[in-house]
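Protein chains in written order, with the numbering used here: chain A, -19 to 233; chain B, 680 to 987.
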């Protein structure tokens, strides 16, 4: 069994934490990821522990299913799940016991069956202005960057930053590069980006420091949809390259 | 249905209820009031539900015009407020007649006033809440602050039940000492850094807003890593980036963050933090969970059992 601990995060939240892989087993890190971490790529080395991510995601699902009306939120981190509640309504000691029982029992919280989502992307050009830089950094052609990016499916580890922004990974080590030195003040909605060993899609126009390699016509967040957010922790995402004409047709431009 | 029309919006006036809970795991921020006590008190004084939407007014207040008779109350920060030319006192419900204007003048103390309207501000809910999240642009009016010409649907006033007076929040004059629970990442800081944190006075810088306060003061030195694996960011958590200058996360924070959090302001003292303005000081006093819960019960007792 993997050790976990539960501690308060203020008086209105409890945080279940599993040790990051590096704390458990130093040999688990690849030399390349260590190098990225040391260079300050913005991502600690041990974020991509799918086993731990599966556990915290599942605990969050169980909490929402059992006590959706009683707890306020269950927020998934890379190796934590934080449960928010009103301490005048819910006895924190009782909740802590319940969380300990769920966290200790992998059968009570198996991995969620995440959705498999395919995301069409038009790579490069004005829609992916950093594709050339990424190719130069990886020492390969732009087409090879596209092939690497579309060659695997990615786990959604955490959804945060803004509504619907999924932190997905791990990307091929050749595509793992630090955030841009100077973040852009405006990144267009739908931009598909890379940084710190991860990939993601900007759901709305925001500032951003990731490298923009393409754009998708789909909308990860649309508050008018019955399910406004497309990606949830535990989903798997695969990118598919599309031509500019297809992008324009799908985005209605 | 009556309406309040925004003539001047003031510096930053937003619609808030008690927050957009339940979707933080897909990145939707909570938002909600900076001073939950004054929000609930204002609703209580008008016979509203706790969670009804009110206006949160920042540093410089708005001017609004009623098209029918509406009942209102102002809590939280104290301003010179007039309703149809008559003085409106903090915490005392008043009426605006059709065509009359509510004007906020000079600010006297505190940073954020709550203007509640009987029946609540009736804008449509977005994802289950009427709170405005400026960072994610979710909420009424597309998640933005109010602008001139915005029309707020409200209820026509009904008779107000008599109520015993409720003691309002004691507003900080130039700063506040707030209680915190250490953690969850206090292990990332040396004993010396924890001592500096709890023994020093910090100042709210101008780079502060509903999302968080950047604080000026002695640097807090990390023991090891200055980044953590991103996890949840509760309201009131004090995160410390590599610069060593702490950021107090407030109502419009993001759902997750990647900096170690040295401590978390207790719920009972969040309203004091919410009433701080740039230039004000803040001190942090560590306390136990039991003390935090006692303080919260005391704070909420004032809000209960007031209906005659």
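Here a beta-carbon is modelled for each residue, glycine too, at the ideal position from N, C-alpha and C.
Do residue i and residue j have their C-beta atoms within less than 8 Å of each other?
i: residue 195 of chain A; j: residue 107 of chain A; result: yes
i: residue 184 of chain A; j: residue 173 of chain A; result: no
i: residue 70 of chain A; j: residue 51 of chain A; result: yes
i: residue 805 of chain B; j: residue 209 of chain A; result: no
i: residue -7 of chain A; j: residue 913 of chain B; result: yes
i: residue -4 of chain A; j: residue 60 of chain A; result: yes
i: residue 754 of chain B; j: residue 721 of chain B; result: yes
i: residue 859 of chain B; j: residue 757 of chain B; result: no
i: residue 693 of chain B; j: residue 735 of chain B; result: yes
i: residue 683 of chain B; j: residue 745 of chain B; result: yes
i: residue 189 of chain A; j: residue 146 of chain A; result: no
i: residue 876 of chain B; j: residue 901 of chain B; result: no
i: residue 698 of chain B; j: residue 815 of chain B; result: no
i: residue 845 of chain B; j: residue 750 of chain B; result: no
i: residue 102 of chain A; j: residue 229 of chain A; result: no
i: residue 137 of chain A; j: residue 58 of chain A; result: yes
i: residue 883 of chain B; j: residue 961 of chain B; result: yes
i: residue -13 of chain A; j: residue 957 of chain B; result: no
i: residue 906 of chain B; j: residue 938 of chain B; result: yes
i: residue 943 of chain B; j: residue 915 of chain B; result: yes
What is the DSSP secondary structure of residue i, reduced to helix, strand or coil?
i: residue 114 of chain A; result: helix
i: residue 690 of chain B; result: coil
i: residue 881 of chain B; result: strand
i: residue 142 of chain A; result: coil
i: residue 771 of chain B; result: coil
i: residue -16 of chain A; result: coil
i: residue 620 of chain B; result: Residue 620 of chain B falls outside the range modelled here, since chain B spans only 680 to 987, and no answer is possible.
i: residue 871 of chain B; result: helix
i: residue 970 of chain B; result: helix
i: residue 960 of chain B; result: strand
i: residue 736 of chain B; result: strand
i: residue 947 of chain B; result: helix
i: residue 980 of chain B; result: helix
i: residue 78 of chain A; result: helix
i: residue 153 of chain A; result: helix
i: residue 742 of chain B; result: strand
i: residue -5 of chain A; result: strand
i: residue 5 of chain A; result: Caution applies to residue 5 of chain A, whose pLDDT of 41 falls short of 50 and renders its modelled position unreliable; the value that the coordinates give is listed next. The answer is coil: DSSP assigns residue 5 of chain A none of H, G, I, E or B.
i: residue 731 of chain B; result: coil
i: residue 924 of chain B; result: coil
i: residue 211 of chain A; result: coil
i: residue 40 of chain A; result: helix
i: residue 865 of chain B; result: helix
i: residue 887 of chain B; result: strand
i: residue 805 of chain B; result: strand
i: residue 10 of chain A; result: Residue placement at residue 10 of chain A is flagged as unreliable, the pLDDT there being 37, under the threshold of 50; a coordinate-derived value is accordingly withheld.
i: residue 225 of chain A; result: helix
i: residue 655 of chain B; result: The question about residue 655 of chain B has no answer, for chain B in this structure spans 680 to 987.
i: residue 860 of chain B; result: strand
i: residue 204 of chain A; result: coil
i: residue 46 of chain A; result: helix
i: residue 73 of chain A; result: helix
i: residue 934 of chain B; result: coil
What does DSSP give as the partner residue(s) for residue i in the beta ladder?
i: residue 56 of chain A; result: A:61
i: residue 147 of chain A; result: A:138
i: residue 242 of chain A; result: Since the displayed chain A opens at -19 and closes at 233, residue 242 of chain A lies outside it and no answer follows.
i: residue 755 of chain B; result: B:792
i: residue 166 of chain A; result: Its beta-bridge partners do not exist; DSSP assigns none.
i: residue 102 of chain A; result: A:195
i: residue 749 of chain B; result: B:775
i: residue 219 of chain A; result: A:99
Thinking residue i and residue j are a contact (beta carbons under 8 Å), I'd like their distance in whole angstroms, please.
i: residue 655 of chain B; j: residue 708 of chain B; result: A query on residue 655 of chain B cannot be resolved here, the shown segment of chain B reaching from 680 to 987 and no further.
i: residue 37 of chain A; j: residue -11 of chain A; result: Going by Cβ atoms, the distance from residue 37 of chain A to residue -11 of chain A rounds to 18 Å, so no, they are not a contact pair.
i: residue 187 of chain A; j: residue 163 of chain A; result: 6 Å
i: residue 752 of chain B; j: residue 795 of chain B; result: 5 Å
i: residue 889 of chain B; j: residue 813 of chain B; result: 6 Å
Counting only beta-carbon separations shorter than 8 Å, does residue i have a partner in chain E?
i: residue 916 of chain B; result: Absent from the structure: chain E. Protein chains present are A and B.
Taking 7 Å as the cut-off, is the beta-carbon of residue i closer than that to any non-hydrogen atom of the ligand ATP?
i: residue 930 of chain B; result: What this structure holds is no ligand at all, so the ligand ATP is not there to describe.
Item to complete: Give, in chain order, every residue of the segment 711 to 738 of chain B whose Cβ lies closer than 8 Å to some Cβ of chain A.
Response: Only those residues of the segment 711 to 738 of chain B whose C-beta falls short of 8 Å from the nearest C-beta of chain A would be listed, and there are none.
Worksheet item: Using a beta-carbon distance cut-off of less than 9 Å, what residues from the segment 125 to 147 of chain A approach chain B?
Response: So the list reads 137, 138, 139, 140, 141, 142, 143, 144, 145, 146, 147, given in the order they occur along the chain.
Item to complete: Note down, in chain order, all residues in the segment 203 to 228 of chain A with a beta-carbon under 7 Å from any beta-carbon belonging to chain B.
Response: Answer in chain order: 203, 208, 209, 212, 213.
Item to complete: Pull out every residue of the segment 40 to 57 of chain A whose Cβ sits closer than 7 Å to any Cβ of chain B, in chain order.
Response: Residues 40, 52, 53, 54, 55, 56, 57.
Item to complete: Closer than 9 Å, Cβ to Cβ, to anything on chain A: give me those residues from the segment 955 to 969 of chain B, in chain order.
Response: Residues of the segment 955 to 969 of chain B whose Cβ lies closer than 9 Å to any Cβ of chain A, in chain order: 968.
Worksheet entry | chain A contacts from the segment 925 to 959 of chain B (Cβ-Cβ distance under 9 Å) | Cβ contacts with chain A: 933, 934, 935, 936, 937, 940, 942, 943, 944, 945, 946, 947.
Worksheet entry | Near-chain A residues of the segment 851 to 874 of chain B (beta-carbon distance less than 9 Å), N- to C-terminal order | Of all residues in the segment 851 to 874 of chain B, 859, 860, 862, 863 have a Cβ within less than 9 Å of some Cβ in chain A.
Worksheet entry | Contact list for the segment 813 to 824 of chain B against chain A, Cβ threshold 8 Å | Those would be 814, 815, 816, 817, in chain order.
Discussion item. At a CB distance below 9 Å, what residues from the segment 782 to 804 of chain B approach chain A? Give them in sequence order.
Written reply: If you check each beta-carbon in the segment 782 to 804 of chain B against every beta-carbon of chain A, none falls closer than 9 Å.
Worksheet item: Given a limit of 8 Å on CB to CB distance, which residues of the segment -14 to -2 of chain A reach chain B?
Response: Taking 8 Å as the Cβ-Cβ cut-off against chain B, the residues of the segment -14 to -2 of chain A that qualify are -13, -12, -11, -10, -9, -8, -7, -5, -3.
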